[in-house]
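First residue of the sequence shown: 1, per full-length UniProt numbering; consecutive thereafter. What follows is one structure encoded as structure tokens, with my remarks underneath.
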Amino acid sequence: GGALEGACASVSEVPPELGLDPFYKKYVDASGIPVVSSERPPDAALLRACSVVVRMLGLRDDVRLAMIENRTRVAVMAETEVTTDIPEHSDLYEAFPGTDWDTRARGLGATPARPASSCAEENVLCYPSDRYTGEDILVHEFSHAIAIMGIAFAEPTFNRELEEAFEGALAAGKWANTYAATNKDEYWAEGVQDWFDTNIESIPGNGIHNEINTRAELREYDRPLYDLIARYFADDAWRPSCP
Numbered sequence: 001g002g003a004l005e006g007a008c009a010s011v012s013e014v015p016p017e018l019g020l021d022p023f024y025k026k027y028v029d030a031s032g033i034p035v036v037s038s039e040r041p042p043d044a045a046l047l048r049a050c051s052v053v054v055r056m057l058g059l060r061d062d063v064r065l066a067m068i069e070n071r072t073r074v075a076v077m078a079e080t081e082v083t084t085d086i087p088e089h090s091d092l093y094e095a096f097p098g099t100d101w102d103t104r105a106r107g108l109g110a111t112p113a114r115p116a117s118s119c120a121e122e123n124v125l126c127y128p129s130d131r132y133t134g135e136d137i138l139v140h141e142f143s144h145a146i147a148i149m150g151i152a153f154a155e156p157t158f159n160r161e162l163e164e165a166f167e168g169a170l171a172a173g174k175w176a177n178t179y180a181a182t183n184k185d186e187y188w189a190e191g192v193q194d195w196f197d198t199n200i201e202s203i204p205g206n207g208i209h210n211e212i213n214t215r216a217e218l219r220e221y222d223r224p225l226y227d228l229i230a231r232y233f234a235d236d237a238w239r240p241s242c243p
């Protein structure tokens, strides 16, 4: 994978033509998706985020191009920053009161209204202080962005197919007492984490996780979800790993 990672070689200043908020001082190009941050996170955090994004977008150019068209970007929070420091997420308390966004989230997906998918230095670089040790939250949140900002535009039938798989799985008693059972979007994102072997397991289900947390287990447990995910991500040996 040398050629792929070659795209994520160095951090530079943010190109003015991107028209981003001046909060952003660092930039890497991940196959056309800007990976950006303030001056605070180390360069290594942006470079690792870039390599994950490049790999996740490697199979489907149509999805990647839709995401670029929709001005999708990835924002890396420093360990000392919070969600609402990210300019695209700065209005969350006003827009969605009732949730303590800065306490709850160390990463969010991108939407057309707020086209930044965020992640956090401590998770991307696997610090011991990371509250999500064992999980890659960039994979989870960027999979939301891929679905919402990419696939839904490239393949208009996708959301209906995802909903059908989700309803079928719940009707079959699957994903009981897990975050995947919340809605079709979390079902997708938890499934993509499993695909990349970046989820953790809990036996029995603990409200977030269950015994399914790898690609092989997902294939056996929920074949419709596995088959849907397999249309968008390469079935190869690459897995996101700690730097």
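Every residue, glycine too, gets a C-beta built ideally from N, C-alpha and C.
For Ser117, list the residues DSSP reports as bridge partners.
Val74
Please report the distance separating the alpha-carbon of Phe233 from that of Asn210.
23 Å
Quickly, what does DSSP pair Ile151 with across the bridge? List them, please.
Answer is none; Ile151 lacks a bridge partner.
Answer yes if the region 173 to 180 comes into contact with the region 60 to 78, meaning at least three C-beta pairs across the two stretches below 8 Å, and no otherwise.
no
Cβ-based burial, Gly2 [other Cβ within 10 Å; buried from 16]:
Confidence is the limiting factor: at Gly2 the pLDDT is only 43, short of 50, which leaves the residue's position unreliable and the question unanswerable from this model.
Using the C-alpha atoms, what's the distance from Ala113 back to Asp100?
20 Å
Contact set for Trp188: own chain, Cβ-Cβ below 7 Å, skip 5 residues either direction
Ser143, Ala147 and Leu162
How would you label Leu18, buried or exposed, when you count the other beta carbons within 10 angstroms and need 16 or more for buried?
exposed
What is the DSSP secondary structure of Lys26, counted as helix, strand or coil?
strand
Would you report the Cα separation of Asn199 and Ser241, rounded to the nearest angstrom?
12 Å
Under DSSP, the alpha helix (DSSP H) around Pro224 begins and ends at which residues?
Arg223 to Ala230
May I have the straight-line CA-CA distance separating Trp195 from Asn70, to the nearest angstrom?
25 Å
Is the CB-CB distance between Arg106 and Ala120 below 8 Å?
yes
Counting Cβ pairs, one atom from each stretch, are 3 or more of them under 8 Å apart for the region 37 to 44 and the region 77 to 86?
yes
What first and last residue would you give for the alpha helix (DSSP H) that runs through Val192?
Lys184 to Trp195
CA-to-CA distance, Arg215 to Glu5, given in whole angstroms:
Because the pLDDT of Glu5 is 49, which lies under 50, any placement of that residue in the model is unreliable, and the number read from its coordinates should be weighed accordingly. About 23 Å.
Give me the residue from Ser51, Val76, Tyr179 and Arg48 with the minimum Cα distance to Pro41.
Val76
Indicate whether Val192 and Val139 have their beta-carbon atoms separated by less than 8 Å.
yes
With a 10 Å radius around its C-beta and 16 neighbouring C-beta atoms as the bar for buried, classify Pro15 as buried or exposed.
exposed
With burial defined as no fewer than 16 other Cβ atoms inside 10 Å of the residue's Cβ, what is the status of Ser10: buried or exposed?
exposed
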